[in-house]
Each structure stands twice: as structure tokens, then as C-alpha cells.
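Worksheet: one structure, shown below.
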Amino acid sequence: MEFSSLTEQLMGLGTGRWALHHRAVQRSREGADIVFLSIGEPRISTPKTIVDTAVASLRAGRTKYALGRGEPELLSVLANRYRKRTGRDIGPDQVTFFPGSHTALYALCQALLEAGDHIMVPEPFYAAYEGIIRASRAEIDYVPLRPDTHFHLQVEDLEAALRPESKVLLLNNPHNPTGSVLAPTVIREVADFCARHDLWLISDEAYEHHIYDGEFLSVFDIPEHADRTAVIASVSKSHAMTGWRCGWAVGSPQLIERVVAVSEAMMFGAQPFLQDATAYALTHEFEELDGMIADYGRRARLVAGLLSGSEKVSCHLPESGIFVMVDLRATGLSGEEFATRLLEEKNVATMPGESFGPSAAGHIRLSLTATDDAIETGCSRIVELAESIAG
Numbered sequence: 025m026e027f028s029s030l031t032e033q034l035m036g037l038g039t040g041r042w043a044l045h046h047r048a049v050q051r052s053r054e055g056a057d058i059v060f061l062s063i064g065e066p067r068i069s070t071p072k073t074i075v076d077t078a079v080a081s082l083r084a085g086r087t088k089y090a091l092g093r094g095e096p097e098l099l100s101v102l103a104n105r106y107r108k109r110t111g112r113d114i115g116p117d118q119v120t121f122f123p124g125s126h127t128a129l130y131a132l133c134q135a136l137l138e139a140g141d142h143i144m145v146p147e148p149f150y151a152a153y154e155g156i157i158r159a160s161r162a163e164i165d166y167v168p169l170r171p172d173t174h175f176h177l178q179v180e181d182l183e184a185a186l187r188p189e190s191k192v193l194l195l196n197n198p199h200n201p202t203g204s205v206l207a208p209t210v211i212r213e214v215a216d217f218c219a220r221h222d223l224w225l226i227s228d229e230a231y232e233h234h235i236y237d238g239e240f241l242s243v244f245d246i247p248e249h250a251d252r253t254a255v256i257a258s259v260s261k262s263h264a265m266t267g268w269r270c271g272w273a274v275g276s277p278q279l280i281e282r283v284v285a286v287s288e289a290m291m292f293g294a295q296p297f298l299q300d301a302t303a304y305a306l307t308h309e310f311e312e313l314d315g316m317i318a319d320y321g322r323r324a325r326l327v328a329g330l331l332s333g334s335e336k337v338s339c340h341l342p343e344s345g346i347f348v349m350v351d352l353r354a355t356g357l358s359g360e361e362f363a364t365r366l367l368e369e370k371n372v373a374t375m376p377g378e379s380f381g382p383s384a385a386g387h388i389r390l391s392l393t394a395t396d397d398a399i400e401t402g403c404s405r406i407v408e409l410a411e412s413i414a415g
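Residues 25 to 415 (the numbering used here) are what the sequence shown spells out, left to right.
Here's what the structure looks like:
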């Protein structure tokens, strides 16, 4: 008996990217005192009233089959959210709920792509993208985000990567892992590029509410480009709900109808009690979350300050999110080599930049969800190692 060729393509994808983190976890279990700056997991717990809402929903009997598209109350909440943001009449028929934005992206790729199609993906990229896209049997054309532009997308690089087979652009803005945010003028240029070449645009907006300063504009917010755009988002990072797996997709009624057809082939609805909790999360304020984004920005500046005394390392100060990219190309080592030595010699766990794409070569990624003490210790050891390598 044989397995499908797709599983051969998917098996092992991403395994190497997380190898150093898994090694750090194993060493920690064996007793090593590891400083973890590798994973972006909010340290605060889900706000208590969100948990209470889910528990109350369970006790009220919200444990039956849910509607495939999503429960009416949540769809109304989501539609209203984007109605307020765009100023347009967004209806419940333009949104659908998923167990996380990963699943939403998977369904969108299945709805828009097939064998022979090409999708453009700026890199560095979120590590899960590759497997999700490969499952649609489409080909990926990577678009470089260059360190010398602080990882900001350049439209001329989109033009250079364009093929006759190009069908979709996947745009992650605000960007993970670099924390870059595209200015509204650039967003409009990207929108015009997609219109000019008749491309769909999937906008991953998981970090929409993690911008430290400045404004956010989505291509979906531009009326003349909305019909070719789909948004995916979630409450994972914004509400410290990473394990709840609650996300959604937004688009034109015609697109969402097809996305729902895919989702109903995958599953039949998501748990209603989780949808109730998500609706509550999106319609209330939480003291526990106050200052969370400001803390990330403050820690990014802390990293920059701690590294500023060295000529061998520096950081690209992020504009959003929970990560910072550290440039160590002056050491002559790859990100993989430096991160390996940092773990083995200094007990600091980070992510090699190469895990996210070739444009991040010679970088490591640090998490801003760690404590100030951990960041200070980690940065001190990064400088120590870099200076010792440079001689």
C-alpha cells in the first residue's frame, strides 16, 4: 500500500526550523538553566471573564452541533467589527469562523488555488505558511524582504517575482516575524499591483492590534479593492487565547460562500461555547490586557539599547508584534550557527533567522514576551558571544 505524494511533501516541513528550540526544551528538562527567547507565547493568562463565559456556555448546554459557517451572534459581532473599521456595509454573509486562522488560511488556499497556480509570499515568512500552501498543490514564489529596508515590502520586488501563473499574493501585515508595518501609501501600491495583475490578495492580520504607534490600513479597507481581498485574523495573540484556536475569514459573499464549502468538507462547524467566548472577547475591554502592547514596544527598545554597545550585533527595531530580529552578520556566522553556539555555550534559546527564509540569514529572532530579566540576560550573552567570535 502507498501513501499520497502530498504527505511526502508535508512530512518534515518545519521540523528543522524548530530543532534548536526542541533541543533547548530537552536540555531544560535535563536540568539546564535555559533562558528562553525562542517562542512567542503571551505570558499572561486568558482574561478570567472570557474563561467564565466559555464555562457558562458549556453549562448552558452549548455543546451541540454548530452551524458550519458560524453561530449567528458571533457572525454579527465580526461583521460589525469590520463594518466599523471599513465604513462599509459588511454583512454576516461576508464572514465565517474557524478553529484558528491557520484553518482559515488552509480553506482559503483550497478555495483559490490548485495545481499549476503560483502564490507570492514575502519572506521571511510565518513558518506554518509553507505546509498550508503545499497542501493546495500550488507553487510558492518567495518575495524578499530585505534587511537594508528593515524588512519592508517593496513593490518592485513583487513585480520581479510575478509569473504568468501567479494567482494570489499572501500579505502578512503587520509582519511576523520582523514586526514591520506597511505604510498606507505602500498598502495602496500593493492593492494597485494586485488589481493590475488580476491577483487575489489574502491579508493575514493576526497582529493588527499589536502596532506600537501609527495607523493600520488593510487592502480590504479600500473599497475598490475589497472584492479581491480576504482577511484572516484571530484572538490568539490579541486576547492571550493561543490555545483556544478561534479565528475567522472575511471577504466578499461570493468568496466566503466557497470558503464555507471547503470548511464544511473539512469539519462541520466549530464548538459553540468557543464561539460564545470569542464573541464576548471581541465586545469587551479587559484590564488584564491593558499595557500589553506597550510592554512589547518597550521591550523592543530595551533590546536595542542592550545591543547598542556592540559593533557586532544590532537589531531592526520592530513597529509591531512580539518579536525582534537581531542582525549578527558582522560576526561572519549564519543565524543557525550563532543560535546553536548561543544555546550550547550560553544557555540562551533563540530562533535562527534562516528558519523564516533566506532574507533573514545572519539574523536571530528574539521573543518580546519574555521577562525583562530574561531579555537582559539573553542580550548580555548575545553580545558576549558576538564579541568573542569577532575576536
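Ideal Cβ placement from N, Cα and C applies to all residues, glycine included.
In this structure, the CA atom of S160 is about 33 Å from the CA atom of L392. Between E138 and A162 the beta-carbon gap is near 7 Å, inside 8 Å, which marks them as a contact. The Cβ neighbour count for K261, taken over all protein chains shown within 10 Å, is at least 16; the residue is labelled buried. Counting the other Cβ atoms within 10 Å of the Cβ of Q278 gives fewer than 16, which makes it exposed.
Nearest to D57 by C-alpha distance, out of P123, A394, A373, is A373. Linking G36 to A273 through their CA atoms gives a straight-line distance of about 28 Å. In this structure, E288 keeps its C-beta atom at 7 Å or more from the C-beta atom of G115.
Secondary structure at C270: coil, using DSSP grouped into helix, strand and coil. In the structure shown, M144 adopts extended strand secondary structure according to DSSP, grouped into three states.
G329 counts as exposed, since fewer than 16 other C-beta atoms from the protein chains shown sit within 10 angstroms of its C-beta.
Annotation: the region 104-141 contains the following complete segments of the beta strand (DSSP E) (minimum length 3 residues), in chain order: 119-122. Note on geometry: alpha-carbon atoms of V286 and T70 lie some 30 Å from one another.
For S190, the closest of F217, L366, G155, N197 by C-alpha to C-alpha distance is F217. Beta bridge pairing from DSSP links R389 with M349, M375. Distance from the CA atom of G40 to the CA atom of D113, rounded to whole angstroms, is 45 Å. Put simply, the backbone Cα of E154 is about 25 Å away from that of I235.
Excluding its 5 nearest sequence neighbours in each direction, H174 has C-beta neighbours in its own chain below 7 Å: S204, H340, listed in chain order.
Judged by DSSP in its simplified three-state form, L367 adopts helix. Under DSSP, I226 takes part in a beta bridge, and its partners are L194, A254. The DSSP-derived three-state label of S338 is strand. Under the three-state reduction of DSSP output, D172 falls in the helix class. Going by beta carbons, S227 and V243 fall inside the 7 Å limit.
Q299 counts as buried, since at least 16 other C-beta atoms from the protein chains shown sit within 10 angstroms of its C-beta. The C-alpha of D245 lies about 11 Å from the C-alpha of A254. Spanning the alpha carbons of L44 and A363 requires a straight line of approximately 8 Å.
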